[in-house]
Amino acid sequence: MMEGAKSSPKRGGFQFKVRGPRDFYGGLALIALAIIAILATGELPGQHGFAFGPGTAPRMFATLLAIVGAIVALGGLFFDGPPIEAFAIRGPAYVLVAILVFAGMIRGIDLRMIGIPYTIPSLGLVVSTFAAFIISIMGSTEMKWVESLIAAVAMTAFCIGLFVYLLQLPFQLWPAF
Amino acid sequence: MTDLLANLALGFQVAAHPYNLGFCLLGALVGTLVGVLPGIGTVATVAMLLPITFGLPPVGALIMLAGIYYGAQYGGSTTSILVNIPGEATSVVTCLDGHQMARQGRAGAALSISAIGSFFAGCVSTVLVAALGAPLTSLALLFGPAEYFSLMLLGLIFAVVLAKGSVLKSVAMVLTGLLLSMVGSDLETGAGRMTFDIAELSDGIGFTNVAMGLFGFAEIIRNLEMSQESREIVQSKIKGLMPTRQDLIDSSGAIARGTILGSILGILPGGGAVVASFAAYTFEKRISKNPERFGRGAIQGVAAPESANNAAAQTSFIPLLTLGIPPNAVMALMVGAMTIHGIVPGPQVMTKQPELFWGMIASMWLGNLMLVIINLPLVGVWVTLLRVPYRLLYPSIIVFCCIGIYSINNSPTDVVIAAIFGLFGYWLVKHDFEPAPLVLAFVLGPLMEENLRRAMLIARGDATVFMTRPISAGLILVALFMLVLAMLPMMRKRREEVFVESEN
Numbered sequence: 001m002m003e004g005a006k007s008s009p010k011r012g013g014f015q016f017k018v019r020g021p022r023d024f025y026g027g028l029a030l031i032a033l034a035i036i037a038i039l040a041t042g043e044l045p046g047q048h049g050f051a052f053g054p055g056t057a058p059r060m061f062a063t064l065l066a067i068v069g070a071i072v073a074l075g076g077l078f079f080d081g082p083p084i085e086a087f088a089i090r091g092p093a094y095v096l097v098a099i100l101v102f103a104g105m106i107r108g109i110d111l112r113m114i115g116i117p118y119t120i121p122s123l124g125l126v127v128s129t130f131a132a133f134i135i136s137i138m139g140s141t142e143m144k145w146v147e148s149l150i151a152a153v154a155m156t157a158f159c160i161g162l163f164v165y166l167l168q169l170p171f172q173l174w175p176a177f
Numbered sequence: 001m002t003d004l005l006a007n008l009a010l011g012f013q014v015a016a017h018p019y020n021l022g023f024c025l026l027g028a029l030v031g032t033l034v035g036v037l038p039g040i041g042t043v044a045t046v047a048m049l050l051p052i053t054f055g056l057p058p059v060g061a062l063i064m065l066a067g068i069y070y071g072a073q074y075g076g077s078t079t080s081i082l083v084n085i086p087g088e089a090t091s092v093v094t095c096l097d098g099h100q101m102a103r104q105g106r107a108g109a110a111l112s113i114s115a116i117g118s119f120f121a122g123c124v125s126t127v128l129v130a131a132l133g134a135p136l137t138s139l140a141l142l143f144g145p146a147e148y149f150s151l152m153l154l155g156l157i158f159a160v161v162l163a164k165g166s167v168l169k170s171v172a173m174v175l176t177g178l179l180l181s182m183v184g185s186d187l188e189t190g191a192g193r194m195t196f197d198i199a200e201l202s203d204g205i206g207f208t209n210v211a212m213g214l215f216g217f218a219e220i221i222r223n224l225e226m227s228q229e230s231r232e233i234v235q236s237k238i239k240g241l242m243p244t245r246q247d248l249i250d251s252s253g254a255i256a257r258g259t260i261l262g263s264i265l266g267i268l269p270g271g272g273a274v275v276a277s278f279a280a281y282t283f284e285k286r287i288s289k290n291p292e293r294f295g296r297g298a299i300q301g302v303a304a305p306e307s308a309n310n311a312a313a314q315t316s317f318i319p320l321l322t323l324g325i326p327p328n329a330v331m332a333l334m335v336g337a338m339t340i341h342g343i344v345p346g347p348q349v350m351t352k353q354p355e356l357f358w359g360m361i362a363s364m365w366l367g368n369l370m371l372v373i374i375n376l377p378l379v380g381v382w383v384t385l386l387r388v389p390y391r392l393l394y395p396s397i398i399v400f401c402c403i404g405i406y407s408i409n410n411s412p413t414d415v416v417i418a419a420i421f422g423l424f425g426y427w428l429v430k431h432d433f434e435p436a437p438l439v440l441a442f443v444l445g446p447l448m449e450e451n452l453r454r455a456m457l458i459a460r461g462d463a464t465v466f467m468t469r470p471i472s473a474g475l476i477l478v479a480l481f482m483l484v485l486a487m488l489p490m491m492r493k494r495r496e497e498v499f500v501e502s503e504n
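Shown next as structure tokens:
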């Protein structure tokens with residue numbers, strides 16, 4: 001994301017300062033989103049006669065989004081606003097990894113498509129839940145191992161009791177080798 | 001009138017079925033739990049529990065989900081008063097005077113007044129939902145595609161006007177939501193739109209994934225940033241749950257005004273319980289003879305917002321059940337719950353499934369009765385729950401969300417999409433964008449596009465159709481008026497004032 005740029009003055013002839021970086025970069029990102037949408041729907045047929053084509057509405061809203069995004073960005077350029085708060089890395093990273101690990105382990109995933117020569121086998125609900133719990137709890141700065149392990153076992157048991165036995169949803173419980 | 005009574009009788013018959021009574025109690029309990037625990041919002045909870053309602057009968061499922069929403073309004077006040085931490089966004093203002101009352105040793109009175117106010121509001125709004133149901137449903141039958149489109153536009157504008165922060169940025173969020181809702185196959189031609197050739201996207205982005213990402217995961221990530229300050233719980237034994245006669249006299253007016261204000265704001269699209277509680281508090285302070293008492297333990301400052309948020313939580317079911325249009329994010333999730341069970345929200349629910357419609361309404365009243373019992377005598381139990389540290393709570397929420405999302409379609413991709421929306425939500429917060437208008441637009445998007453296309457087709461491409469049909473023109477004019485009003489400098493200041501008040 002663009003936060004790296006921050007609002008440092010540009011080198012060069014004139015002093016350039018973004019007054020409201022939250023709005024400025026936020027608006028720019030929305031414009032980028034709108035452009036992606038317009039490009040992605042570029043090949044869809046638009047209006048013919050008085051009937052909308054599949055591409056009409058998305059392009060319409062994307063154009064509007066680009067306009068509003070531009071106004072927000074301009075507002076950020078000329079009016080004072082608070083600086084962007086620092087993005088935390090640790091918490092989000094652990095949470096994200098925990099979720100991705102769950103998604104990868106529950107049914108197994110072939111990692112070769114992203115260039116890692118390894119295939120995660122289908123590990124089932126018990127292992128995935130336990131792993132996701134432990135990884136996400138590591139994101140906290142106050143983590144204690146004993147307590148965490150007990151909580152992970154308890155939560156795994158609770159989820160299995162609820163989803164598999166009480167609600168009878170079809171889950172694979174144990175690793176399939 | 002006899003119709004109404006007969007219908008309510010049918011409703012109570014359905015709601016009093018032991019099975020449904022159980023679901024109602026379960027919903028009320030879960031709602032109170034969520035309300036008490038800070039860091040878990042109602043939207044995230046309802047999203048989390050959607051998959052669970054799969055296997056349940058539709059009436060029971062909806063009764064339970066509804067119970068969570070208004071139950072959270074009760075639970076939220078408990079922590080606000082005793083701990084000075086709002087368990088729910090709707091109880092933020094209750095902290096101001098509620099906690100002061102607790103410090104002065106009047107926690108019992110504050111708790112009971114908020115429960116009494118909520119219960120009164122719950123009773124009134126239940127009757128209101130029942131009474132307005134039939135006339136609004138017949139109004140809905142007059143609606144064509146043009147009117148539906150204009151109505152949804154009005155809803156989105158309300159969401160923008162009532163959202164916190166910049167109007168322009170909320171508009172941007174609405175447009176982002178509309179755009180995201182168009183990912184997937186086109187309704188008429190089946191052409192893939194913005195799918196980037198990813199097979200999982202051809203059905204569109206699932207609403208639960210978006211909601212859980214933006215409200216569940218993003219909130220957790222944000223909470224992890226803040227230091228886990230120790231919670232100062234009012235330790236002394238809570239005594240004297242019964243309010244004095246003077247308390248009742250002092251708060252009766254505030255309760256009545258809060259109920260009225262809350263009911264109106266709940267019906268309006270984009271409104272809902274959060275705005276209702278802010279508005280009720282501000283209003284009460286303004287008309288008070290001695291406004292300086294507010295913030296120092298004025299009982300009206302507890303009674304008004306607590307009545308208002310509960311009234312709003314319930315009346316927001318009116319547009320959903322009669323017009324099929326969700327007025328806020330929680331109701332949008334209810335649409336999801338209804339669709340899972342094959343029910344199309346809208347005017348036909350009342351005529352085709354009267355037992356569902358009236359059963360739900362009757363259950364609201366029963367649920368409110370249960371909540372008074374759950375909350376007052378058992379208040380100690382709920383406070384103990386606050387001792388569960390957040391570091392154990394959030395991993396539990398994460399795994400619960402993961403399993404829930406996965407179970408909807410047995411799709412690991414859905415889990416990944418939710419994670420992406422979690423990061424997106426975190427980014428939005430850092431840039432002061434509100435996720436609520438986005439979510440509402442995301443739900444209304446497909447409906448809006450469908451009606452827009454149909455209206456244009458019927459009018460043979462004539463875009464003035466929205467202004468020549470009277471109902472549609474009226475709705476659009478109201479929408480424009482609201483938008484202009486919110487942009488005016490004077491009103492802008494007023495809006496900020498209302499929201500600033502809530503933050504101190």
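Just so you know, the protein sequences line up as chains H and Y, in that order.
Quick note on the working numbering: the first sequence kicks off at 1 and runs consecutively.
Quick note on the working numbering: the second sequence kicks off at 1 and runs consecutively.
Glycine included, every Cβ here is placed at the ideal spot set by N, Cα and C.
Every value quoted in this text rests on a predicted model; they were computed, and no experiment measured them.
Of the choices H/Phe-52, H/Ala-29, H/Leu-44, H/Gly-42, whose alpha-carbon is the least far from that of Y/Ile-458? H/Phe-52
Should Y/Ala-273 be labelled buried (16 or more other beta-carbon atoms within 10 Å of its own) or exposed? buried
8 angstroms contact criterion, which Y/Ala-6 and Y/Arg-469 should meet: CB distance rounded: Not a contact, Cβ separation roughly 35 angstroms.
What does DSSP give as the partner residue(s) for Y/Ile-398 in the beta ladder? The partner list for Y/Ile-398 (beta bridge, DSSP) is empty, contrary to what the question assumes.
Give me the chain Y residues within the contact set of H/Tyr-165, using Cβ-Cβ distance strictly less than 8 angstroms, ordered along the chain. None at all; the shortest Cβ gap to chain Y is about 12 angstroms.
Hey, does H/Met-155 have any beta-carbon neighbour from chain Y nearer than 7 angstroms? yes
Is the separation between the beta-carbon of Y/Val-30 and that of Y/Ile-68 shorter than 7 angstroms? With respect to the 7 angstroms criterion, Y/Val-30 and Y/Ile-68 are classified as neighbours on the basis of their beta carbons.
Is there a Cβ of chain Y sitting closer than 7 angstroms to that of H/Arg-22, yes or no? yes
Would you verify that the beta carbon of H/Ile-35 is, or is not, closer than 7 angstroms to some beta carbon of chain Y? no
Contacts around Y/Gly-295, its chain only, beta-carbon distance under 8 angstroms, and the 5 residues preceding and following it disregarded: Leu-96, Asp-97, Gln-100, Gly-301
Counting only Cβ-Cβ distances shorter than 7 angstroms, please list the residues of the segment 76–97 of chain Y near chain H, keeping chain order. Residues of the segment 76–97 of chain Y whose Cβ lies closer than 7 angstroms to any Cβ of chain H: none.
Which two residues bound the contiguous alpha helix (DSSP H) that contains Y/Val-415? Start and end: 412–430.
Inter-residue spacing [alpha-carbon to alpha-carbon] between Y/Cys-123 and H/Thr-129: 42 angstroms
Under 7 angstroms, Cβ to Cβ, is there at least one residue of chain Y near H/Thr-129? yes
Taking only beta-carbon atoms, is H/Gly-91 less than 7 angstroms away from chain Y? yes
Determine whether the Cβ of H/Ser-122 lies closer than 7 angstroms to any Cβ atom of chain Y. With a threshold of 7 angstroms between beta carbons, H/Ser-122 makes no contact with chain Y.
Chain Y within 7 angstroms of H/Leu-173, Cβ atoms only: no
Whole-angstrom Cβ separation of Y/Ile-157 and Y/Val-183, contact assumed at under 8 angstroms? Contact doesn't hold; Cβ gap of about 24 angstroms is too wide.
What distance in whole Å lies between the Cβ atoms of H/Ile-120 and H/Met-143, which are believed to be in contact at a cut-off of 8 angstroms? So it is not a contact: roughly 25 angstroms between Cβ atoms.
8 angstroms contact criterion, which Y/Gly-71 and Y/Leu-378 should meet: CB distance rounded: Going by Cβ atoms, the distance from Y/Gly-71 to Y/Leu-378 rounds to 13 angstroms, so no, they are not a contact pair.
Among H/Ile-89, H/Gly-27, H/Pro-58, which residue has its Cα nearest to the Cα of Y/Met-448? H/Pro-58
Can you tell me the Cα-Cα spacing of H/Ser-136 and Y/Met-152, whole angstroms? Near 39 angstroms, if we compare the C-alpha coordinates of Y/Met-152 and H/Ser-136.
Got a sec, what are the start and stop residues for the alpha helix (DSSP H) H/Leu-123 sits in? No residue range can be given for H/Leu-123, since it is assigned to no alpha helix (DSSP H) and is classified by DSSP as neither H nor E.
Amino acids of chain Y, ordered along the chain, whose beta-carbon sits closer than 8 angstroms to that of H/Gly-161: Correct list: empty, because the minimum Cβ distance to chain Y is about 12 angstroms.
With the cut-off set at 7 angstroms, would you say Y/Leu-180 and Y/Phe-442 are in Cβ contact? A contact, by the Cβ cut-off of 7 angstroms.
Run through chain H and tell me which residues come within less than 7 angstroms of Y/Gly-55, C-beta to C-beta. Leu-167, Gln-168
In terms of alpha-carbon separation, which member of Y/Gly-105, Y/Phe-421, Y/Thr-45 lies closest to Y/Ala-28? Y/Thr-45
Would you mind working out which of Y/Leu-392, Y/Phe-317, Y/Pro-437 sits nearest H/Trp-145, comparing C-alpha positions? Y/Leu-392
Using a Cβ distance threshold of 8 angstroms, determine whether the segment 282–297 of chain Y contacts the segment 341–348 of chain Y, with at least three qualifying pairs required. no
Based on DSSP bridge pairs, tell me the residues matched to Y/Ser-185. Y/Gly-192
Shorter than 7 angstroms from the beta carbon of H/Phe-79 to some beta carbon of chain Y? no
Between the C-alpha atoms of Y/Thr-176 and H/Ile-31, what's the straight-line distance to the nearest angstrom? 10 angstroms
Skipping 5 residues on each side, what residues in its chain have a beta carbon closer than 6 angstroms to that of H/Gly-13? In this prediction, H/Gly-13 has a pLDDT of 47, which is less than 50 and means its spatial position is unreliable; nothing more can be read from the coordinates.
Tell me whether Y/Asp-462 sits in a helix, a strand or coil according to DSSP, three-state version. coil
Below 7 angstroms on C-beta distance, what does Y/Arg-391 contact in chain H? Ile-137, Ser-140, Glu-142, Met-143
State the Cα-Cα distance for the pair H/Gly-139 and Y/Gly-144, rounded to the nearest angstrom. 52 angstroms
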